[in-house]
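Heads up: the sequence shown begins at 4 in the numbering used here, then just goes up one per residue. Glycine is no exception: its CB is placed at the ideal position from the N, C-alpha and C atoms. For reference, the structure discussed in these notes is given below.
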Amino acid sequence: MKTFSSRAAALAAAFALLVSSAGAQTGSDAALTAQLKKLFPNAASFSERTGSPAHYKAFGPGGDGDLLGLAYWTTELEPLERGFDGPIKMLVGLDPSGEITGVIVTDHREPYGYFSVDLPEWPKQFEGKSIRDAFKVGADVDAISRATITVQSASRAIRNASRKIARAHLAPPQPQAQTAGSPTAAAAAE
């Protein structure tokens with residue numbers, strides 16, 4: 004009888020663990036969906052993580068489900084880019100034209116105070132930034148005093164991961180048509 008009750012208790016504990024882990028997974032799925040929604044506020048749905056390099060797709064409303072952009076983790080595409088005290092996990096959104104829709108710093112540590120890339124102002128500066136930009140700290144990316152290593156690494160991770168995703172999953176930009184009155188068209192005619 005003791006064996007039966009101990010097996011029943013073990014089975015009940017296993018069931019409770021299974022149910023709680025399923026709930027935790029649902030909670031993390033909800034958190035991820037909320038983060039993706041921050042990157043693509045007009046999205047009606049998101050795909051599962053797929054592809055190589057791995058990414059999520061954001062789709063617009065309606066039956067056609069236009070692609071609004073891609074989201075990806077910098078730590079998966081640039082695992083060697085690290086801040087002063089370890090990896091900087093960031094979720095980045097990229098629209099089909101190659102512009103960043105947002106950056107969310109989800110995990111990062113600084114050992115000596117709160118001089119960090121996870122302050123809201125720092126990732127906000129990347130919104131609207133093109134993958135063709137330099138991403139140079141002090142030029143087109145704001146520096147943070149006392150967080151030089153972290154800022155440089157985070158900027159490189161965003162730039163390099165975004166360019167990898169664009170090369171793999173976005174169509175190259177089309178050359179602009181020259182108009183008859185443009186200086187380029189006049190030079191080409193000569």
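Do you know how far the Cα of threonine 77 is from the Cα of glutamate 113? 18 Å
Cut-off 8 Å between Cβ atoms - residues of its own chain near threonine 29, not counting five sequence neighbours on either side: Below a pLDDT of 50, predicted positions are generally treated as unreliable, and threonine 29, at 45, falls in that range; the measurement from the model is reported next regardless. Nothing listed; no residue qualifies.
Suppose you measure from the CA of glutamate 207 to the CA of isoleucine 168; what does that come to, to the nearest Å? Because the chain in this structure spans residues 4 to 193, residue 207 falls outside the shown range and cannot be described.
Neighbourhood of histidine 58 by C-beta, 8 Å cutoff - its chain only, sequence neighbours within 5 removed: Arg52, Leu73, Ala74, Tyr75, Ile168 and His172
Helix, strand or coil: how does DSSP classify alanine 16 here? Bear in mind that the predicted position of alanine 16 carries a pLDDT of just 44, short of 50, making it too unreliable to give a figure here.
Cα-Cα separation, leucine 83 to lysine 92: 12 Å
Who pairs with alanine 74 in a beta bridge, going by DSSP? Tyr59 and Gly96
Suppose you measure from the CA of valine 95 to the CA of serine 55; what does that come to, to the nearest Å? 16 Å
C-beta atoms of alanine 150 and valine 120 nearer than 8 Å: yes
Does the Cβ of lysine 60 have 16 or more other Cβ atoms within 10 Å, making it buried, or fewer, making it exposed? buried
Rounded separation between aspartate 143 and alanine 34 - CA only: 31 Å
Assuming contact is defined by CB atoms lying nearer than 8 Å, are proline 126 and valine 106 in contact in what I supplied? yes
When you compare only the Cα positions, how much space is there between serine 165 and glycine 101? 8 Å
Among all the DSSP beta bridges, which residues are the ones paired with serine 148? According to DSSP, serine 148 bridges with nothing at all.
Can you give me the Cβ contacts of glutamine 179 inside the same chain, cut-off strictly under 7 Å, excluding the 5 residues immediately before and after it? none
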